[in-house]
Amino acid sequence: MPTDKGSRTAILLDCDTGVDDTMAIMLACLSPEIELVGVGTIWGNVDRDLATQNTLNILAMCGRSDVPVAAGATTPLNGADVDYGYFVHGKDGQGNRGMKGKYGKSIEMSAAEFIVDSCRKRPGEIELVPVGPLTNIALALQLEPTLPKLVRGITIMGGAALAPGNVSPVAEANIWHDAEAASEVFLAQWPITMVGLDVTMRTLLTEEHFDRMRNGGGISKYMAQIAEFYTTFNQERSFGRRLSTMHDAVAVGLAANLVRAKVAPVVNVEVDTTDGPGRGQTICDLRGIYMNFPSQENAHCRVPLELEDGFPDFFTDLIVAAGEPAVNVE
Ligand code: RIB
Ligand code: CA
């Protein structure tokens, strides 16, 4: 297992820290294959300040208060009113069972400035992994138009190619929240991996996984505890039984090769920014599906459609082995 700094994947996360973002942060902290460079925060599941505090708390829990956290945007690019996802992630973004304490402090830079600064310092090395609305990434692109040349790539949790949406019949939440930002990000010329609902709605934690977490160390117990509310939402809204998505952790897993895609064509993708029923849709050109996806001119977006099995087990094993939290999580 590669663990030295040079062979680890350097990941800069950007989170709207609710329950599945917490899974992503834990995975990035605990996996020896990942160097977590920092975390930007954004509104989405919860407001920006709560996303920031949740991020700081989870890092402290994992003994990683050394990881810089930069607070980001509080509204979409167009300044529209925002809807938070408290009904999915609980009032505290932690299934109403989060930590009482407040640990750590964000850095002075904004998330967009931090992204640009980090990528300038390490050209070609960093994989951006935004798992919330794409506003911070669009702002970073505005600050530094050559950003696409400064990163290793960008792995986005968002969108849906063939799967239905989860906010509208066609739109996934992270894209829907700021369709204009998403459009700018997909138009930029960098290697994108779009980790959409096609794969994240089929990569699921079961009650058996959560039982193992409940019986594991304190970090995994905390994970099982905060996931109860979220699993109830998943049960009522999507699956009819107690299964939990782990959207954002899947994006981190793919970015660091902890899980691999079996089918992942590189295709052109456009974001619908109209005000009609298609708003927020990621329109993926999958017309090559019957010919094993011949290459498309200018295409730079890899769209996983099917993953290898085993990622929920891998994730569960990792956090069950993580042991006790570094701070009090009561
Ligand atoms: O649609 C799922 C995505 O929206 C996840 O990133 C979840 O955390 C929310 O941000
Ligand atoms: Ca998220």
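Under numbering that gives the first Met the number 0, think of the first position of the sequence shown as 0, with each following residue one higher. Glycine included, C-beta positions come from ideal geometry on N, C-alpha and C. None of the values given here were measured: they were computed from a predicted structure.
{"Item": "Suppose you measure from the CA of L306 to the CA of L253; what does that come to, to the nearest Å?", "Value": "9 Å"}
{"Item": "Quick check: is any heavy atom of ligand 1 less than 7 Å from the C-beta of V130?", "Value": "yes"}
{"Item": "Have a look at D82 and N214 and give me their C-alpha separation to the nearest angstrom.", "Value": "36 Å"}
{"Item": "My guess is that Y229 and S243 are in contact by the Cβ rule of under 8 Å, so how many angstroms apart are they, rounded?", "Value": "6 Å"}
{"Item": "If you count every other CB in all the chains shown that lies within 10 Å of the CB of E235, and 16 or more means buried, which is it?", "Value": "exposed"}
{"Item": "Name the one or two DSSP bridge partners that T74 has.", "Value": "None; T74 has no bridge partner."}
{"Item": "Please list, in chain order, all residues of the same chain as G157 whose beta carbon is under 6 Å from its beta carbon, the five residues on each side excluded.", "Value": "E171, N173 and I174"}
{"Item": "Under three-state DSSP, which class holds I136?", "Value": "helix"}
{"Item": "Please name the residue or residues paired with M193 in a DSSP beta bridge.", "Value": "I155"}
{"Item": "Suppose you measure from the CA of F310 to the CA of V258; what does that come to, to the nearest Å?", "Value": "6 Å"}
{"Item": "Would you list the residues sitting across from P129 in a DSSP beta bridge?", "Value": "D13"}
{"Item": "Does the beta-carbon of D308 have 16 or more other beta-carbons within 10 angstroms, so that it is buried, or is it exposed?", "Value": "exposed"}
{"Item": "I want to know whether the segment 14–23 touches the segment 51–59 - three or more CB-CB distances under 8 Å.", "Value": "yes"}
{"Item": "Quick check on the DSSP output: the alpha helix (DSSP H) that includes F58 runs from which residue to which?", "Value": "Note on identity: in this sequence residue 58 is Leu, with Phe being the wrong assignment. Its alpha helix (DSSP H) spans residues R47 to M60."}
{"Item": "Going by C-alpha distance, which of F314, K101, A181 and F232 is nearest D271?", "Value": "A181"}
{"Item": "Indicate whether at least one CB of chain B lies closer than 8 Å to the CB of G131.", "Value": "Although the question refers to chain B, the structure presented lacks it and comprises just one protein chain."}
{"Item": "So, are the CB atoms of N267 and C300 less than 8 Å apart?", "Value": "yes"}
{"Item": "Please return the same chain residues whose Cβ sits closer than 8 Å to the Cβ of V38, not counting the five positions on each side in sequence.", "Value": "L11, L12, D13, C14, I24, T54, L58, V66, P67, V68 and A69"}
{"Item": "Which residues share a DSSP beta bridge with L306?", "Value": "A260"}
{"Item": "According to DSSP, is D316 part of a helix, a strand, or is it coil?", "Value": "helix"}
{"Item": "Compute the Euclidean distance between the alpha carbons of P293 and P303, then round it to the nearest angstrom.", "Value": "15 Å"}
{"Item": "Which residue from A187, K104, L76 and A79 puts its Cα closest to that of A50?", "Value": "K104"}
{"Item": "Within 10 angstroms of its Cβ, does T273 collect 16 or more other Cβ (buried), or is it exposed?", "Value": "exposed"}
{"Item": "Mind checking whether the beta-carbon of G103 lies closer than 7 Å to any heavy atom of ligand 2?", "Value": "no"}
{"Item": "The beta strand (DSSP E) that contains L35, what's its start and end?", "Value": "I33 to T40"}
{"Item": "Report the option in H208, A248, L149 and Q224 whose CA atom is closest to the CA atom of G195.", "Value": "A248"}
{"Item": "Is the beta carbon of L146 closer than 8 Å to that of V184?", "Value": "no"}
{"Item": "Is G252 a contact residue of ligand 2, with contact defined as CB to any heavy atom under 7 Å?", "Value": "no"}
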